[in-house]
Amino acid sequence: MRFAAALLMAATIQGGELPPRIVGFTLSETPSGLMKAFRQAPNVVKQPAALIVQFHEDSDHSKVHSCDGDFAWAFYFSASGEMQSITWNPEKPIAVSKLFPAKDRELHSTSAVGVKASVMLRRLSGGRLLIANVNSPDQAELQQAVLMRADTVGRFFPWLAARLKSDKTGE
Numbered sequence: 003m004r005f006a007a008a009l010l011m012a013a014t015i016q017g018g019e020l021p022p023r024i025v026g027f028t029l030s031e032t033p034s035g036l037m038k039a040f041r042q043a044p045n046v047v048k049q050p051a052a053l054i055v056q057f058h059e060d061s062d063h064s065k066v067h068s069c070d071g072d073f074a075w076a077f078y079f080s081a082s083g084e085m086q087s088i089t090w091n092p093e094k095p096i097a098v099s100k101l102f103p104a105k106d107r108e109l110h111s112t113s114a115v116g117v118k119a120s121v122m123l124r125r126l127s128g129g130r131l132l133i134a135n136v137n138s139p140d141q142a143e144l145q146q147a148v149l150m151r152a153d154t155v156g157r158f159f160p161w162l163a164a165r166l167k168s169d170k171t172g173e
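In my numbering, the protein residues as written are 3 to 173.
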């Protein structure tokens with residue numbers, strides 16, 4: 003919470019625009035802390051190996067438009083309670099440059115899974131990775147972004163985890 007307040011103050015002082023909220027999460031948040039931050043009751047999905055806590059974009063969501071059941075935010079926790087990843091689906095497409103500034107952007111692709119798959123990746127502090135599936139390196143807008151722990155990438159993107167490991171070891 004302190005980080006978000008500091009970010010807001012810094013942007014206000016500098017007259018800049020706030021970065022999307024997803025980059026401010028540390029992946030150490032708790033379900034109860036998220037309920038306070040979003041000021042709404044979540045939808046909770048319990049699975050044998052995970053807990054998924056979902057929120058709408060804001061607490062007045064139902065007043066803004068009729069809900070078709072989709073949630074803007076999904077927070078994934080392991081069975082031990084550790085947050086693994088966050089998926090954000092903004093209501094409107096967001097410019098790639100807001101989440102993936104050109105200087106911080108990496109593009110990774112593979113055909114190993116039988117279909118061409120490409121992602122944009124941005125390395126953030128604290129062992130966090132921001133990832134988005136893309137159709138081309140020139141894509142201008144995104145409709146989903148995922149923030150995850152670097153050590154969990156292999157569960158969701160095995161090919162990307164192998165690529166990042168080989169980049170690290172220089173293979």
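Cβ coordinates follow ideal geometry from the N, Cα and C atoms, glycine included. Being a predicted model, the structure only gives us computed values, none of them experimental.
If we ignore side chains and look at the alpha-carbon of each, how far apart do residue i and residue j end up?
{"i": "arginine 41", "j": "glutamate 93", "result": "18 Å"}
{"i": "glutamate 84", "j": "leucine 162", "result": "22 Å"}
{"i": "alanine 147", "j": "serine 113", "result": "21 Å"}
{"i": "leucine 53", "j": "valine 46", "result": "7 Å"}
{"i": "arginine 107", "j": "phenylalanine 73", "result": "27 Å"}
{"i": "alanine 104", "j": "glutamine 49", "result": "38 Å"}
{"i": "arginine 130", "j": "arginine 157", "result": "15 Å"}
Excluding sequence positions up to five away, which residues of its chain have a Cβ less than 7 Å from the Cβ of residue i?
{"i": "glutamine 86", "result": "Tyr78, Phe79, Ser80, Met150, Arg151 and Thr154"}
{"i": "isoleucine 96", "result": "Pro22, Glu143 and Leu144"}
{"i": "leucine 126", "result": "Val25 and Leu132"}
Could you tell me if residue i is buried or exposed, where buried requires 16 or more neighbouring beta carbons within 10 angstroms of its beta carbon?
{"i": "alanine 134", "result": "buried"}
{"i": "alanine 51", "result": "exposed"}
{"i": "leucine 109", "result": "exposed"}
{"i": "alanine 43", "result": "exposed"}
{"i": "valine 121", "result": "buried"}
Identify the continuous alpha helix (DSSP H) that holds residue i and give its terminal residues.
{"i": "alanine 142", "result": "First-last for alanine 142: undefined, no H or E at that position."}
{"i": "alanine 39", "result": "33 to 40"}
{"i": "serine 99", "result": "98 to 101"}
Excluding the 5 residues preceding and the 5 following residue i in the sequence, name in chain order all residues of the same chain whose CB lies nearer than 8 Å to its CB.
{"i": "glutamate 31", "result": "Ala39, Phe77 and Met85"}
From the options, pick the residue whose C-alpha is nearest to that of residue i; which is it?
{"i": "valine 25", "options": "Ile88, Val117, Gln141 and Ser34", "result": "Ile88"}
{"i": "valine 98", "options": "Leu132, Met37 and Phe27", "result": "Leu132"}
{"i": "valine 117", "options": "Arg107, Lys100, Asn137 and Leu101", "result": "Asn137"}
{"i": "leucine 101", "options": "Leu123, Lys48 and Thr28", "result": "Leu123"}
{"i": "alanine 119", "options": "Asp169, Pro160 and Lys167", "result": "Pro160"}
{"i": "tryptophan 90", "options": "Ser111, Glu59, Pro103 and Ser82", "result": "Glu59"}
{"i": "serine 111", "options": "Phe27, Leu166 and Gly129", "result": "Leu166"}
{"i": "proline 33", "options": "Arg157, Val55, Lys170 and Arg130", "result": "Val55"}
When the cut-off is 7 Å and only beta carbons count, does residue i lie next to chain B?
{"i": "valine 136", "result": "Judged by its chain identifiers, the structure shown contains no chain B, having just a single protein chain."}
Any heavy atom of the ligand ATP closer than 6 Å to the beta-carbon of residue i?
{"i": "glycine 26", "result": "Ligands are entirely absent from the displayed structure, and the ligand ATP is therefore not among its contents."}
Just curious, the beta strand (DSSP E) that residue i is in, first and last residue?
{"i": "leucine 109", "result": "108 to 112"}
{"i": "arginine 157", "result": "From DSSP, arginine 157 is part of no beta strand (DSSP E) but of the alpha helix (DSSP H) over 155 to 158."}
{"i": "glutamine 56", "result": "52 to 57"}
Which same chain residues end up closer than 6 Å to residue i when comparing Cβ atoms and leaving out the 5 residues on each side of it in sequence?
{"i": "proline 139", "result": "Leu109"}
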